[in-house]
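Number of protein chains: 2
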Amino acid sequence: MRNINGERLWASLEALGRIGAYQDEGSGLTGVRRLALTAEDGEGRRHVVEQMKAAGLAVTVDRIGNVYGRRAGREDALEPVMSGSHLDSVATAGRFDGCLGVLGALEVVKTLNDEGTVTRRPLVVAFFSEEEGARFGTDMLGSAVATGRLSLETAYGLTDRAGKTVKDELSAIGFLGEGAELLPAPHAYVECHIEQGPLLKAAGMDVGVVTGVQAISWMELTLTGKSAHAGTTPMELRVDPGVVASRIQLHLREMVRSGRYGGDLRATMGVTRFEPGLVNVVPNKVVATVDLRHPFDAVLKRAEAELHRFFEAAAAEEKVTLAWRQTARTPDVSFSARVQEAVAAAAQARGLKHQRIVSGAGHDCQELARLCRAGMVFIPGEYDGISHNPREYSTPKQCTDGVNVLCDVLVALADE
Amino acid sequence: MRNINGERLWASLEALGRIGAYQDEGSGLTGVRRLALTAEDGEGRRHVVEQMKAAGLAVTVDRIGNVYGRRAGREDALEPVMSGSHLDSVATAGRFDGCLGVLGALEVVKTLNDEGTVTRRPLVVAFFSEEEGARFGTDMLGSAVATGRLSLETAYGLTDRAGKTVKDELSAIGFLGEGAELLPAPHAYVECHIEQGPLLKAAGMDVGVVTGVQAISWMELTLTGKSAHAGTTPMELRVDPGVVASRIQLHLREMVRSGRYGGDLRATMGVTRFEPGLVNVVPNKVVATVDLRHPFDAVLKRAEAELHRFFEAAAAEEKVTLAWRQTARTPDVSFSARVQEAVAAAAQARGLKHQRIVSGAGHDCQELARLCRAGMVFIPGEYDGISHNPREYSTPKQCTDGVNVLCDVLVALADE
Chain D
1 MRNINGERLW ASLEALGRIG AYQDEGSGLT GVRRLALTAE DGEGRRHVVE
51 QMKAAGLAVT VDRIGNVYGR RAGREDALEP VMSGSHLDSV ATAGRFDGCL
101 GVLGALEVVK TLNDEGTVTR RPLVVAFFSE EEGARFGTDM LGSAVATGRL
151 SLETAYGLTD RAGKTVKDEL SAIGFLGEGA ELLPAPHAYV ECHIEQGPLL
201 KAAGMDVGVV TGVQAISWME LTLTGKSAHA GTTPMELRVD PGVVASRIQL
251 HLREMVRSGR YGGDLRATMG VTRFEPGLVN VVPNKVVATV DLRHPFDAVL
301 KRAEAELHRF FEAAAAEEKV TLAWRQTART PDVSFSARVQ EAVAAAAQAR
351 GLKHQRIVSG AGHDCQELAR LCRAGMVFIP GEYDGISHNP REYSTPKQCT
401 DGVNVLCDVL VALADE
Chain G
1 MRNINGERLW ASLEALGRIG AYQDEGSGLT GVRRLALTAE DGEGRRHVVE
51 QMKAAGLAVT VDRIGNVYGR RAGREDALEP VMSGSHLDSV ATAGRFDGCL
101 GVLGALEVVK TLNDEGTVTR RPLVVAFFSE EEGARFGTDM LGSAVATGRL
151 SLETAYGLTD RAGKTVKDEL SAIGFLGEGA ELLPAPHAYV ECHIEQGPLL
201 KAAGMDVGVV TGVQAISWME LTLTGKSAHA GTTPMELRVD PGVVASRIQL
251 HLREMVRSGR YGGDLRATMG VTRFEPGLVN VVPNKVVATV DLRHPFDAVL
301 KRAEAELHRF FEAAAAEEKV TLAWRQTART PDVSFSARVQ EAVAAAAQAR
351 GLKHQRIVSG AGHDCQELAR LCRAGMVFIP GEYDGISHNP REYSTPKQCT
401 DGVNVLCDVL VALADE
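Chain order of the listed sequences is D and G. Numbered by my numbering, the letters in the first sequence go through residues 1 to 416 in order. Numbered by my numbering, the letters in the second sequence go through residues 1 to 416 in order.
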């Protein structure tokens with residue numbers, strides 16, 4: 001049985017984590033801030049490109065800044081097997097999100113190099129631009145362009161809060177490449193990633209066999225009432241949009257608890273913003289957001305329909321004016337059964353505890369799934385799987401287990 | 001029957017309203033922005049001081065910037081009868097709040113001047129510094145210092161958001177006076193003011209006989225939970241402080257609707273601030289405020305006790321950490337029965353519809369009520385009595401009616 005070098009993998013995660021490191025005020029921990037296409041991201045990219053070259057990979061950069069490092073196969077004209085993730089982070093990140101997938105794939109290449117193994121098909125290690133969407137507002141940006149969901153022109157024109165464009169910032173960090181942005185379909189794509197949730201750890205699992213990504217619906221509500229003096233306005237004359245937001249918040253939970261949508265509905269109100277937001281003024285406007293997810297699109301649609309009816313009913317009862325818009329909507333994505341079987345078989349052979357799991361978060365893999373057989377290997381996270389936070393942590397053993405499974409799957413697919 | 005000059009009063013309201021006028025973006029209306037001790041407030045003060053002097057008043061300024069314009073009485077050694085209010089405004093104000101009380105008292109003096117009437121006691125027209133608390137955070141600042149509730153040193157040291165002190169800003173606008181800040185008890189104090197609520201208008205009243213100011217309790221809650229990914233964290237593992245805020249919001253209304261505290265309980269959640277405030281993150285912290293009021297302190301105390309129990313219970317059920325602090329607490333204030341009778345008698349004699357009313361908002365008069373017999377005349381406001389808003393409006397007739405009643409009451413008290 002082939003084993004990757006867990007110590008080398010861990011050292012590479014630590015080295016990359018020092019790029020863009022910052023001191024987190026709240027926790028006192030060292031976190032990572034490597035927002036897409038910033039100087040820190042540029043430094044992280046160059047660091048990984050050097051390692052790719054040192055491992056003998058032929059590196060190309062495409063016009064949206066996606067980077068591909070190619071290792072030749074025995075039959076080099078066959079479609080390659082691809083593996084990777086992203087290097088960009090949110091503003092308050094840890095060292096694992098995305099990085100594990102890129103450095104894990106690179107570790108697989110190093111392992112094969114060490115033993116002199118050449119697979120039948122070429123292997124490609126990839127990292128995609130702005131997966132987080134934390135700077136330019138659109139997540140999976142690089143992989144969406146590579147797979148044709150988003151046009152290069154649209155992507156180039158996106159701006160950050162300071163008005164800087166994706167194109168200019170790619171150029172500024174030296175990653176506005178010349179490679180065609182539309183990716184020819186690989187034979188398969190496999191991504192190793194931290195779960196970013198508590199399930200695997202709670203169930204005592206070593207590895208998650210990811211069946212797909214759940215369907216996601218984001219809504220932004222603008223509730224308009226009537227600003228009024230808290231001391232002088234009788235309750236029956238008030239038109240308080242805050243009450244509607246609170247009723248929706250509690251209804252979200254009731255929808256989940258009722259079991260009407262099975263046990264997998266997730267519903268979150270992440271924002272409520274009261275205007276004018278003064279202790280002694282009934283707000284005249286409340287902006288609130290809803291994040292609703294379910295593994296099955298048809299079930300999510302039913303939940304959305306119930307929620308929309310509730311929006312209307314609560315607003316009408318409170319005489320509040322309701323406007324809402326869909327800010328994001330993606331159907332569920334199913335990963336390849338072949339890749340799932342390969343992941344489960346590898347875990348089984350290694351004696352690793354594993355279970356099927358639906359990804360709650362979005363990943364580059366869901367974009368690649370439109371192009372080829374695609375799938376993911378999840379590893380558990382400590383501290384309830386906290387992520388997008390400096391406390392994000394998976395142990396060296398968890399990382400090694402995940403990348404060993406990734407290695408087995410990549411070699412199996414590359415020898416097909 | 002003596003009548004004030006309504007047209008002159010209205011013109012003086014319009015003239016003062018032009019000082020600090022601004023264009024309100026939302027409504028397109030012209031509003032007033034004359035925050036305490038700003039250049040605009042200085043200009044408004046000088047404008048009124050000139051009118052006081054033109055009306056023959058002897059003007060003095062005390063060390064907290066309160067301004068007193070004295071008209072001699074026939075027995076000039078007797079305690080004076082005082083009337084006034086404030087000139088400072090919130091950032092988005094109308095032309096009536098406070099100004100009506102100051103310009104109304106001045107109009108009474110002008111009317112007496114016109115007919116050559118001298119009252120037995122002196123009359124003093126007053127305006128007090130920073131009634132709104134909108135700049136330095138403490139409302140009724142000038143009148144609280146004048147009546148000894150707040151020390152001059154404490155008041156001087158208060159700062160605005162830019163760190164500027166009350167003392168420096170008084171000096172900057174030329175109103176750091178030399179008069180002793182502690183006011184010798186006048187014979188009586190009467191203030192005319194807009195209701196800032198919908199009741200008088202809805203009841204078809206011309207004038208309100210104010211019985212006092214209700215008890216007020218402000219609380220700020222900090223609810224701490226656990227930040228979590230909206231897509232990956234099962235509902236049963238969440239610790240969501242937003243849910244506690246929503247439960248409190250709805251419980252506030254239930255407390256009012258239940259009738260447990262009679263019909264006069266007012267309860268408002270004016271602020272909820274979610275952190276980090278992202279669509280796909282369960283908040284880890286929510287700051288929320290509660291404004292609770294009742295005409296009777298003992299009843300308010302009972303309502304507070306219920307609410308505090310609910311805070312604890314809801315936080316415990318949701319496993320959220322609760323911290324809350326009292327940010328303001330004033331007991332109810334009862335106005336003088338003698339002044340209430342005088343107001344009612346004057347309205348009656350003029351054929352004006354009038355009713356007893358409790359003030360929902362705080363006023364300088366509640367400070368003066370600790371020092372002497374004090375009371376207020378309310379007039380109705382249009383548009384549900386909206387205030388602290390450019391739409392704030394009372395008609396010329398409503399203003400004239402109120403100041404006519406004020407005039408009758410001042411003369412009656414000044415002839416005692």
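All C-beta atoms, glycine included, are put in the ideal place defined by N, C-alpha and C.
Cβ neighbour criterion (16 or more within 10 Å) applied to residue i
| i | result |
| --- | --- |
| G:T395 | exposed |
| G:S151 | exposed |
| D:S387 | buried |
| G:G242 | buried |
| D:A267 | buried |
| G:R293 | buried |
| D:M485 | Residue coverage of chain D in this structure runs from 1 to 416, which leaves residue 485 of chain D outside it and unanswerable. |
| D:G26 | exposed |
| G:N3 | exposed |
| D:K397 | exposed |
| G:E181 | buried |
| D:S171 | exposed |
| D:T154 | exposed |
| D:P380 | buried |
| D:M1 | exposed |
| G:P184 | exposed |
Same chain, Cβ closer than 6 Å to residue i, five either side skipped, listed in chain order
| i | result |
| --- | --- |
| G:G69 | M52, L57, V59, V125 |
| D:P186 | E79, P80, M82, C372 |
| G:P276 | none |
| G:F128 | N66, H86, G142, S143, D364 |
| G:F310 | H251 |
| D:G163 | none |
Within chain D, the residues that residue i reaches when beta carbons sit closer than 9 Å
| i | result |
| --- | --- |
| G:R135 | Here the premise fails: no neighbours, minimum Cβ distance about 14 Å. |
| G:E195 | T232 |
| G:R302 | The contacting residues do not exist; G:R302 stays about 18 Å from chain D at best. |
Chain D residues whose Cβ lies nearer than 8 Å to that of residue i
| i | result |
| --- | --- |
| G:L250 | V243, S246, R247, L250 |
| G:V256 | M235 |
| G:R253 | M235, V243 |
Listed by chain order, chain G residues near residue i by CB distance under 8 Å
| i | result |
| --- | --- |
| D:I216 | G231 |
| D:D291 | A230, G231, V279, N280 |
Per-residue contacts from residue i into chain G (C-beta, under 7 Å)
| i | result |
| --- | --- |
| D:R325 | Those do not exist, as D:R325 stays about 12 Å from chain G at its closest Cβ, beyond 7 Å. |
| D:R34 | Near D:R34 there are no residues of chain G at all, since even the closest Cβ is about 18 Å away, more than 7 Å. |
Same chain, Cβ closer than 8 Å to residue i, neighbours up to 5 away in sequence not counted
| i | result |
| --- | --- |
| G:Q326 | S217, W218, M219 |
| G:R120 | G73, R74, E75, L78, A414, D415, E416 |
| D:T92 | D24, G31, R33, H388, N389, P390 |
Contact list for residue i against chain D, beta-carbon separation under 7 Å
| i | result |
| --- | --- |
| G:P283 | G270 |
Contact list for residue i against chain G, beta-carbon separation under 9 Å
| i | result |
| --- | --- |
| D:S227 | I386, H388, N389 |
Own chain, CB closer than 7 Å to residue i, minus 5 neighbours either side, in chain order
| i | result |
| --- | --- |
| D:D332 | G212, V213, Q214, A215, P295, F296, D297 |
| D:W10 | P396, C399 |
Below-9 Å beta-carbon distance, residue i vs any chain B residue
| i | result |
| --- | --- |
| D:D88 | Among the chains of the structure shown, chain B does not appear; the protein chains present are D and G. |
Heavy atom of the ligand ZN within 8 Å of residue i beta-carbon
| i | result |
| --- | --- |
| D:V409 | Absence of the ligand ZN is noted for the structure shown, with no ligands found whatsoever. |
Interface residues of the stretch 378–404 of chain G facing chain D [CB-CB below 9 Å]: D384, G385, I386, S387, H388, N389
Secondary structure, alpha helix (DSSP H): runs of 4+ residues fully inside the stretch 122–188 of chain G: 141–146, 152–157, 166–172
Near-chain D residues of the stretch 265–280 of chain G (beta-carbon distance less than 9 Å), N- to C-terminal order: L265, R266, A267, T268, M269, G270, V271, T272, R273, F274, P276, G277, L278, V279, N280
In chain order, each alpha helix (DSSP H) run of at least 4 residues that lies wholly inside the stretch 320–381 of chain D: 337–349, 364–368
Against chain G: residues of the stretch 351–380 of chain D by CB proximity under 9 Å: S359, G360, A361, G362
Runs of alpha helix (DSSP H) lying entirely within the stretch 240–295 of chain D, each at least 4 residues, in chain order: 241–258
Contact set between the stretch 18–48 of chain G and chain D, restricted to residues whose Cβ is under 8 Å from the partner: none
Every unbroken alpha helix (DSSP H) inside the stretch 27–80 of chain D [4 residues or more]: 39–54
Contact residues within the stretch 169–203 of chain D, judged by C-beta distance below 9 Å to chain G: E195, Q196, G197, P198, L199, A202
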